Structures are given as C-alpha cells and as structure tokens.
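> Can you read through this structure? Questions will come right after.
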Amino acid sequence: MANERREQIIQIVNQQHKVAVTDLAQRTQVSLVTMRKDLTELEAEGLLQRQHGFAVVNNPDDLNYRLAQHHEEKQRIALAAAKLVADNTTIMIESGSACALLADTLGQQEKRVTIVTNSYYIANFVSSYPNLDVFVLGGKYQPESQVVVGSLTKQLLQSFHVEQLFVGTDGFDQTNGFSGANILRTEAAQVMAQRADDLIILTDASKFQKPSLIQQFPLTAVSTVITDSGIAPATADFLRQQSLNLTVV
13 MANERREQII QIVNQQHKVA VTDLAQRTQV SLVTMRKDLT ELEAEGLLQR QHGFAVVNNP
73 DDLNYRLAQH HEEKQRIALA AAKLVADNTT IMIESGSACA LLADTLGQQE KRVTIVTNSY
133 YIANFVSSYP NLDVFVLGGK YQPESQVVVG SLTKQLLQSF HVEQLFVGTD GFDQTNGFSG
193 ANILRTEAAQ VMAQRADDLI ILTDASKFQK PSLIQQFPLT AVSTVITDSG IAPATADFLR
253 QQSLNLTVV
C-alpha cells in the first residue's frame with residue numbers, strides 16, 4: 013500500500029506542480045505524520061522537493077525530474093529488464109531514467125553485476141549496493157544530464173566488450189527508428205552499441221509519439237525493446253514485424 017500511495021503522490025505532484033501537504037494527506041487518506049514520512053523518502057530519492065508545507069515538482073532541467081515522469085511505468089520496465097541480466101555478468105548502461113531504475117533494481121535484487129556506464133548519475137544512484145561494481149567512463153562532462161561524452165569517451169569504450177547494452181531514447185518514427193535529443197549523447201550511445209552484442213532499449217510509451225532531433229539507432233540495430241502498455245497497438249505490431257523482441261509491461 014505504501015508504494016502505491018507514493019506512486020499516487022508522484023502523479024499528483026507532477027500534474028499540479030505544487031501541492032499542499034494537507035491536501036495530499038486528504039487525497040490519499042493518510043495522516044499528516046504518514047504523509048510527511050512519505051514526502052521525506054520521496055525527496056531523498058530525488059523524485060520531488062518540499063517547500064514550506066508544500067510538495068513541489070523538480071526543476072524540468074534536472075535529471076530527477078525525468079526520473080519522476082511515468083515513474084510507475086519505468087519501474088515495471090526496469091523489473092522486466094533486470095530479468096534479462098544474469099548473475100555474475102558485465103553489462104553497459106547508458107544514461108536515462110529507466111536505465112537508472114534498472115541499475116537500482118539489480119542492486120535491490122542482490123545480483124552481482126559489473127556495470128560500465130557514462131552516467132555519473134547512475135554511478136551515484138547505486139553507490140550503496142556492495143553487489144554492484146561500477147566503471148564510469150571519462151570524457152566531457154554534461155552537468156544537466158550528468159553524463160560524459162566526446163572523443164575521450166569513445167576512445168575508452170574501445171577497451172570494453174559486453175553482451176548487453178541498455179539505453180534510453182528520446183523519440184521514434186517508423187522510417188528512421190529511434191532518435192536522440194542531444195548529438196553528443198547520441199554519438200556516445202552509438203559507440204557503446206558497437207561494443208555490445210545486444211542493444212536493448214528501455215523507454216516509456218510516450219517516446220513513441222514523435223521523433224526527436226537526431227537519428228540514434230535504426231531498427232536493424234536493436235534486438236529488444238521494453239516499454240509500457242501505453243504503446244499504441246499499431247506501433248507494437250510494427251515493431252514485432254521488424255523481428256524485434258518487444259516486451260510490454
């Protein structure tokens with residue numbers, strides 16, 4: 013019940029941007045003490061902020077804001093992705109909110125996994141899990157997304173080869189496949205894909221509504237897509253016709 017209530021709190025705050033703590037307590041039918049405890053934990057996870065008796069949505073430029081969007085769906089996506097990761101293996105994870113939740117899920121499941129990533133956010137997000145070994149690539153740091161990109165990142169990636177790479181995406185269209193919003197992040201993801209046998213895309217269904225700025229991956233490069241039940245049936249059918257492994261959660 014507590015997890016369901018906290019998902020409800022996140023949804024309310026995302027929709028209204030600023031909500032009184034007393035209003036949240038009434039709408040979820042809990043005491044103020046319980047609501048304050050919930051908000052303290054959600055703030056500690058970076059999913060919202062608290063200000064003088066109110067719960068407030070994060071800054072849209074903050075990666076934590078993106079983590080809070082479609083949070084319940086992304087949790088389900090992360091659980092499905094974690095089933096693909098074997099114990100005592102090495103994987104690559106590119107930056108992205110669903111990817112961060114995948115890393116967190118692997119930590120909670122106590123799987124012994126080595127993670128290679130260009131995301132300092134993910135490295136910090138899972139730093140408390142002793143079962144996870146994290147290698148963070150170097151390069152030009154982008155503070156808004158907390159990732160490293162550029163020529164040094166691409167050079168360092170040549171030292172690695174893994175079976176699985178998990179990435180997020182910013183958009184999609186049937187002609188060009190998946191697309192990204194930032195050219196340097198997109199380039200880094202493309203080089204990571206060259207160093208992995210299987211490219212697995214984790215994305216909530218909203219990303220299938222329109223393409224983003226830069227082509228990221230053609231459909232032929234992708235082995236698996238994990239998304240939520242909000243995906244349009246026609247889009248799901250199209251992906252399956254491309255011989256992709258599509259998991260809808």
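Start counting the sequence shown at 13; every next residue gets the next number (this note's numbering).
Built from N, CA and C at the ideal position, the CB exists for glycine as well.
Values in this document were obtained by computation on a predicted structure and should not be read as measured data.
Pull up the DSSP beta-bridge partners for MET104, would you.
Paired residues: VAL128 and LEU177.
> For GLY150, verify whether its CB is less than 7 Å away from any heavy atom of the ligand NAP.
In terms of ligand content, the structure shown is empty, and the ligand NAP therefore cannot be addressed.
> Measuring alpha carbon to alpha carbon, tell me which residue in VAL161, GLU175 and GLN167 is nearest ILE195.
Closest option to ILE195, Cα to Cα, is VAL161.
> Between the stretch 204-216 and the stretch 96-104, can you find at least three pairs of beta-carbon atoms closer than 8 Å?
Contact holds: three or more Cβ-Cβ distances are below 8 Å.
> Please report the distance separating the alpha-carbon of GLN63 from that of PRO230.
When rounded, the distance between both Cα atoms is 44 Å.
> I'd like the list of long-range same chain contacts for VAL25, defined as Cβ closer than 6 Å, with 5 residues on each side in sequence excluded.
Correct list, in chain order: VAL31, LEU60, ALA67 and VAL69.
> Give the secondary structure of ARG207 by DSSP, where H, G and I count as helix, E and B as strand, and everything else as coil.
Of the three classes helix, strand and coil, the one that applies to ARG207 here is coil, per DSSP.
> Is ALA56 buried or exposed, if buried means 16 or more other CB atoms sit within 10 Å of its CB?
Result: exposed.
> Beta carbon of ASP240, beta carbon of ARG88: below 8 Å?
It is a contact, given that the beta carbons lie within the stated cut-off.
> Secondary structure at LEU59, three-state DSSP: helix, strand or coil?
Residue state, collapsed to three classes: coil.
> TYR133: buried (16+ other C-beta within 10 angstroms of its C-beta) or exposed?
With 16 or more Cβ atoms within 10 Å of its Cβ, TYR133 is classed as buried.
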